[in-house]
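K.L.:
Respectively, the protein sequence lines represent chains A, B, C and D. Residue 211 in our numbering is what sits at position 159 of the first sequence, and the numbering runs on without skipping anything. Residue 226 in our numbering is what sits at position 174 of the second sequence, and the numbering runs on without skipping anything. Residue 324 in our numbering is what sits at position 316 of the third sequence, and the numbering runs on without skipping anything. Residue 212 in our numbering is what sits at position 204 of the fourth sequence, and the numbering runs on without skipping anything. Even for Gly, the Cβ is constructed at its ideal location relative to N, Cα and C. Quick caveat: nothing in here was measured; it's all calculated off a predicted structure.
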Amino acid sequence: MKNQHLFNYIISIADNSLILGQRLGELCGHGPTLETDIAGTNIALDLIGQTRNYYQYAAKIQGGGKTEDDIAFLRLEKEYKNVLLVEQPNTHFGYVMGRQFLFDVFHLLFMNQLMQSKDDTLAAIAKKGVKEVSYHKRFSSDWIKRLGDGTPESNAKMQEAINDLWAYTDELFDQTEADKAMASEGIAVDTTKLKESYYKEVSEVLEEAKLTVPERKYFTRGGKKGVHSEYMGYILTELQYMQRTYPNMEW
Amino acid sequence: MKNQHLFNYIISIADNSLILGQRLGELCGHGPTLETDIAGTNIALDLIGQTRNYYQYAAKIQGGGKTEDDIAFLRLEKEYKNVLLVEQPNTHFGYVMGRQFLFDVFHLLFMNQLMQSKDDTLAAIAKKGVKEVSYHKRFSSDWIKRLGDGTPESNAKMQEAINDLWAYTDELFDQTEADKAMASEGIAVDTTKLKESYYKEVSEVLEEAKLTVPERKYFTRGGKKGVHSEYMGYILTELQYMQRTYPNMEW
Amino acid sequence: MSDKEIKSLEAIFEARIARDEKIEPKDWMPEKYRKTHIRQISQHAHSEIVGMLPEGNWISRAPSLRRKAALLAKVQDEAGHGLYLYAACETLGVSRDELYDQLHSGKAKYSSIFNYPTVTWADMGAIGWLVDGAAIINQVPLCNTSFGPYARAMVRVCKEESFHQRQGFEIMLKLCNGTPEQKEMAQDALNRWWWPSLMMLGPTDAESIHTEQSMKWKLKRKTNDELRQQFIDQTVPQADLLGITVPDPDLKWNEETGHYDFGEINWDEFWQVVKGHGPCNKKRMKDRVNAWENGAWVRDAAMAYAEKNEKRKLKEAI
Amino acid sequence: MSDKEIKSLEAIFEARIARDEKIEPKDWMPEKYRKTHIRQISQHAHSEIVGMLPEGNWISRAPSLRRKAALLAKVQDEAGHGLYLYAACETLGVSRDELYDQLHSGKAKYSSIFNYPTVTWADMGAIGWLVDGAAIINQVPLCNTSFGPYARAMVRVCKEESFHQRQGFEIMLKLCNGTPEQKEMAQDALNRWWWPSLMMLGPTDAESIHTEQSMKWKLKRKTNDELRQQFIDQTVPQADLLGITVPDPDLKWNEETGHYDFGEINWDEFWQVVKGHGPCNKKRMKDRVNAWENGAWVRDAAMAYAEKNEKRKLKEAI
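#1: Residue 138(B) versus chain D: which residues are under 8 Å apart at the beta carbon?
#2: Whose C-beta lies closer than 8 Å to the C-beta of residue 216(D) among residues of the same chain, with five residues either side of it excluded?
#3: Find the residues of chain A that neighbour residue 61(D), judging by a C-beta separation of less than 7 Å, and give them in chain order.
#4: Below 8 Å on C-beta distance, what does residue 288(C) contact in chain A?
#5: Does the Cβ-Cβ distance between residue 61(B) and residue 240(B) come in under 7 Å?
#6: Let's see if you can read the secondary structure: which residues bound the alpha helix (DSSP H) around residue 298(D)?
#7: For residue 281(D), which residues of its own chain have a beta-carbon under 6 Å away from its beta-carbon, when the five flanking residues on both sides are left out?
#8: Could you tell me whether the Cβ of residue 59(B) comes closer than 7 Å to any Cβ of chain C?
#9: At a CB distance below 9 Å, what residues from the region 72-93 of chain C approach chain B? Give them in sequence order.
#10: Rounded C-beta distance between residue 313(D) and residue 202(A)? I'm assuming under 8 Å.
#11: Starting from residue 54(C), trace the alpha helix (DSSP H) in both directions and tell me its first and last residue.
#12: With 7 Å as the threshold, decide whether the Cβ of residue 260(A) is near any Cβ in chain B.
#13: Could you work out which residues of chain D lie near residue 100(A), taking near to mean beta carbons separated by less than 7 Å?
#14: Please confirm if residue 125(C) has its CB atom under 7 Å from at least one CB of chain A.
#15: Would a check of beta-carbon distances place residue 67(D) closer than 7 Å to chain A?
#16: For residue 146(B) and residue 219(B), what's the separation of their Cα atoms in angstroms?
#17: Mapping DSSP to helix, strand and coil, what is residue 124(D)?
#18: State the beta-bridge partners of residue 180(A) as determined by DSSP.
#19: Under 6 Å Cβ to Cβ from residue 262(B), same chain only, skipping five residues before and after it: list those, please.
#20: Could you give the first and the last residue of the continuous alpha helix (DSSP H) run that contains residue 268(D)?
#21: If you follow the alpha helix (DSSP H) that residue 112(B) is part of, which residue opens it and which one closes it?
#22: Listing by chain order, which chain B residues have their CB less than 7 Å from the CB of residue 187(D)?
#23: Please decide whether residue 64(A) counts as near chain C, where near means a Cβ-Cβ distance under 7 Å.
#24: Quick check on residue 299(B): buried or exposed, where buried means 16 or more other Cβ atoms within 10 Å of its Cβ?
#25: Compare the C-beta of residue 254(D) with all C-beta atoms of chain A and state if any pair is closer than 7 Å.
#26: In the DSSP assignment, find the beta strand (DSSP E) that holds residue 36(C) and state where it starts and stops.
#27: Note down, in chain order, every chain D residue with its Cβ under 8 Å from the Cβ of residue 129(B).
#28: In this structure, what does DSSP give as the bridge partners for residue 261(D)?
#29: Please check if any C-beta of chain A sits within less than 7 Å of the C-beta of residue 165(D).
#30: Looking at the secondary structure, which residues open and close the alpha helix (DSSP H) in which residue 271(A) lies?
#31: Exposed or buried, residue 163(D), counting other C-beta atoms within 10 Å across all chains shown (16 or more means buried)?
#32: I want to know whether the region 76-94 of chain C touches the region 246-256 of chain C - three or more CB-CB distances under 8 Å.
#33: Less than 7 Å between the C-beta atoms of residue 294(B) and residue 71(C), yes or no?
#34: Looking only at its chain, what residues have a beta carbon closer than 7 Å to the beta carbon of residue 140(C), apart from the 5 residues adjacent to it on each side?
#35: Taking only runs of the alpha helix (DSSP H) that begin and end inside the region 133-182 of chain B, which ones reach a length of at least 4 residues, in chain order?
#36: Tell me, please, which residues DSSP counts as bridged to residue 155(D).
This is the structure we're talking about:
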């Protein structure tokens, strides 16, 4: 059972990177500038890289000859445990950067803690990832400021995105059973302790960007329990297409 | 071999209806008026109904316990033989109606001939379908006129759609090996004979709609040979999702 | 009109309703009756229209051609219901455009159940079975409501709804008789749709503000709690038949009352969703508003074309 | 400047090129040299940018995480190539916005090969193997071309391209060593990409209008037909190694010439695609134009923000 919790815990971290990487990958060649295309692809690449590290570890725990690709491509929708935030669509560049920023701030706080994990593999993955994530956060924060404090149009668009995406922030701190079990052993990050810093940091950037910090009583959640938004199904149709259509082959 | 040709011939007719029906189905609830939503869904329903008749017949020919759903959902992309026209996206309502109109005019000419087929099953399917297709054609022709002869904006949008979609019209008359073999036996429609009437009819409606009939030397083709546009892959990810993810189940 | 005259008209009006006579659009009616009916009928129409979206979400992914066709037909029926409900509403002197505007601006409500996502194919079964099931319980009494156009629309709606309900149950049955994955999919759908379906029958009687007046006008024949009990009593044996479990540990047959006892409903969630904070409220509204806005040029063109045609005919007539 | 002075500058310029000296942006150069380089470098840059699209099409559907990462990295490299090629072009006194404008208006060309659709995963292999293979043959000589910024950009581009080419071949190899379906997928991709790859090396020498001048400026070292022969000679043995068949019944090793003979190229198709009537020309341009237009507000915001920041800094400095 300890292993099951550890497996579930790893999956829940990695799925965020996979789905966010997948969303960014959709944008390749369709961004507002060549530079943002390069940066976006680079972030996607980092995230897919992290995903592979996590899944390889999870596959080892699972045993039975399973591979990273079995985990990435051959689960049912409700077995993916990413937060709803990362599956939100690329409505426009404000949404892309808003989603990234709201995730990056969390991600960096999280990685900084995961480096302290008693699980050496997770600590090592975090140590490697933390540099990448710092860059992601710098990149997305800069864009929040540019768009928030750019033109009246960009301010409105950025605010719209933040308002919509805000509903998905609280779920970042939800604790699953696996979270709690693993935290008690010093393996998992206690996400509840990140919440205050998160909203403080996020609010500071938004304020600097001349954006209003949304006030919200109600939040939307579900992904961590495997109940996703209607977007997720479509993400999976593409993500899984090859592995489902041509089962048991090597690529 | 005769059966193989007949099978291929049926598939190539039916795939047009399947993919066009699929495209229309994407629009449900997203159209410009409730009335067009109802009509569009209705047309989709007719097309899927026709598809089922064809595939059921094809499955019988194929034997080996295959069903209409095996044919609909479990082929590889290059085994679908629909024309490129029907897989074009719902860019805007002008494209939806343009695609429909350019197909309907062909479809009705085709069905009228297929009623004369020496193959009784095909003749019967055509006899049933011809009423539906006349309605489709009336509906789409009316909209071509409304949009072409509506406002300057709608005229421009409709013209844009016709210009883009025009490149896919010539493929409608291409003859595959199966076409030729079956036509020589009086089973298949000789599509080359429909071409003149087609462009005449289409041009008349476009002119009445105050639209310019495109002049074009080069046409795009490929679907009938199984080489599709890049849109097709995405259509299939959704179309096949359930059957690929949950193989060998009944629904 | 003097107050006295109005009072007398009202008395005649109430007497007609009491005699089960139908009120028709051209008949005199109290302003409150008109307003209440506009609110309820349009809310019902909006629910049909918004309700197309969660099911429309699975048309492209339906698992068989038969199911794809049936789903298309169902969504088409819903659009049809919307159409005649809007028409019934228009007889009360409000245009469809005004009603859309109320929907899009968030002023008008629609059934909160459509703010939940459809995440698996089994949701197509659960919606038919539970959501349409609850809707029928709400709507059957309306076939005898006092306002003629609404009553007649409801006769047609109810007939189609019970077809949908059977179809939904049949989807569930197929899943429950299928593989373990399929049965689990059915159970999962029941887990997610059960409580929202109970909420669909409205707030508890204590919180319900419109009940008394609506009873008088035969817009309501039973209280929300009575309808909910009826729904539960009818649905639990069906779940037993399917072999899946209603996600309520407190659910128990009560020999004494002849009804099922059931657990506490999470009314916080209900109000959260009603107030616009459900999982899909924003998405549903964006989809509707986008469809409307992106369709403006099409409607403008149709209007312009109709006017031109009118003029052409006039010219020919001269 | 008098005609005589220009003639003398031209003589010095041509002598420098003959001595294999690099021409740098601040050096004097004939107007035709500048224009030809702007045309060729920007066309090359556009090809990188448009070339992101057919491969980008498979990122979301890559069959393994390893392949997804490699494909992301490859498309990113292409964007990088675009970036330094545009930068090289800008040193000739043209802005990136102007160059984009030429692309979007259809005035500038890009490699026609990217107007074919990527319909299976094997196309990711075939593009790397064949298209990048042909590109390298075109580009390696450019590492020694006369214009410094272009030559230096090409050194970097070529290094990455040969990595991409090996990666593409490896995708093909995996498919060819896989199941029959996979091998068929590889064969199908070779069938579709072979002829367009041959066309990629340009029209036959008889039809090629820029060859002579380009040779002198070392923008070209071999004729199109020589490059094509080199590509064929290099690629056919690789196809043999993969165990798939080049779709040319006339292909045959010629002992005498020491080269492969090959069949007639369909130049009608070539010109059709060049003139904008290939299977994906419209889609590629729409995708680029949409990206550009939808991104306008983002670029405006970045500009406005940079200006505000500049002012803020200035204020602080005072």
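P.N.:
According to the structure data:
#1: Simply none; closest approach about 16 Å.
#2: 210, 231, 232
#3: 81
#4: 281, 282
#5: yes
#6: 289-302
#7: 120, 123
#8: no
#9: 72, 73, 74, 75, 76, 77, 79, 80, 81, 83, 84, 86, 87, 88, 90, 91
#10: 5 Å
#11: 39-64
#12: no
#13: 73, 76, 77, 80
#14: yes
#15: yes
#16: 16 Å
#17: coil
#18: DSSP, once it has assigned bridges, lists no residue as partnering residue 180(A).
#19: 200, 201
#20: Unbroken run through residue 268(D) is the beta strand (DSSP E), 267-269; no alpha helix (DSSP H).
#21: 86-114
#22: What residue 187(D) touches in chain B: nothing, since even the nearest Cβ is about 13 Å away.
#23: no
#24: exposed
#25: no
#26: Here residue 36(C) belongs to no beta strand (DSSP E), and DSSP marks it neither H nor E.
#27: 127, 128
#28: 268(D)
#29: no
#30: Run containing residue 271(A): none; DSSP gives neither H nor E here.
#31: exposed
#32: no
#33: yes
#34: 169, 172, 173, 176
#35: 136-139, 145-166
#36: 31(D)
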